[in-house]
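Heads up: the structure comes next, in structure tokens.
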Amino acid sequence: MYTFKVADTCTDVAELDKYDSMVQLAFAHNSYITQLESMGYRVGYVMAERVSKEAPKLLTELEVVKFICKEFWSAMFGKQVDNLRTNHQGVYVVQDNKFCTLRSLAEGQQFVREAGALVTFPCGAVRGALANLNVIAEVTATVETLPAVKFNIHITQRT
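Read left to right, the sequence shown gives residues 0 to 158 (numbering that gives the first Met the number 0).
Take a look at the structure:
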């Protein structure tokens, strides 16, 4: 039993080292925003695969977005979204008033401007989760006041 825990810890440390090196590599390039979005896409794709394993088949894009807001968001960010709005034409606005990534930032306009880079990874994660559920979308985020974030999901097609 003791060796199993050591093996798990070694695996966890190896995963953290791998993730840390990927983040350092992303920041070494000028296109670190693109790299972070790509990493988020992969993480979101895999996370949606795991979370949706037990879920019933999602038939409409609204069902998919609701699944993202409840199940995926809880698994990924530790809570459900605070608000979901749609115009029923493929545009959804998901609002999280206490987004986990931005909770530790101090309030102030300088941090609001810099928060855009911090929500790049989550945008990629949401886009990856949607792709796993056969929905192709553009995902952008706006930060007006900390720690609230509005994710804008524009569905381009359903495969």
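Even for Gly, the Cβ is constructed at its ideal location relative to N, Cα and C. Please read all numbers here as calculations on a predicted model, not as lab measurements.
Given that a residue counts as buried once 16 or more other Cβ atoms are within 10 Å of its Cβ, and exposed if not, what is S30? Here residue 30 refers to the residue found at position 31 of the sequence shown. Counting every other CB atom within 10 Å of its CB across the protein chains shown gives S30 a total below 16, marking it as exposed.
DSSP on V50, reduced to helix/strand/coil? As a working note, residue 50 is residue 51 in the sequence shown. In this structure, DSSP gives V50 a helical state, which the three-state scheme calls helix.
Determine contact between the stretch 71-78 and the stretch 138-156, defined as no fewer than three beta-carbon pairs at a distance below 8 Å. Taking 8 Å as the limit for Cβ pairs, the verdict is that the stretch 138-156 does not touch the stretch 71-78.
9 Å Cβ cutoff met for E60 and T119: Translated into the one-based positions of the sequence shown, residue 60 becomes position 61. Translated into the one-based positions of the sequence shown, residue 119 becomes position 120. It is not a contact, given that the beta carbons lie outside the stated cut-off.
If you draw a straight line from the alpha carbon of D95 to that of I67, how long is it in whole angstroms? Here residue 95 corresponds to residue number 96 of the sequence shown, with the count starting at 1. Here residue 67 corresponds to residue number 68 of the sequence shown, with the count starting at 1. Computed Cα separation, rounded: 13 Å.
Is E62 closer than 9 Å to N131 when the C-beta atoms are compared? Start at 1 with the first residue of the sequence shown, and residue 131 comes out as number 132. Start at 1 with the first residue of the sequence shown, and residue 62 comes out as number 63. No; because the gap between Cβ atoms is not below 9 Å, this pair is not in contact.
Straight-line gap, A54 to Y44 (C-alpha atoms, nearest Å): Counted from its first residue, the sequence shown places residue 54 at position 55. Counted from its first residue, the sequence shown places residue 44 at position 45. Whole-angstrom Cα-Cα distance: 15 Å.
Minimum C-alpha distance to G123 - residue among K52, I32, S51 and G39: Sequence index remark: in the sequence shown, residue 123 carries index 124 (1-based). Of K52, I32, S51 and G39, the residue nearest in Cα terms is G39.
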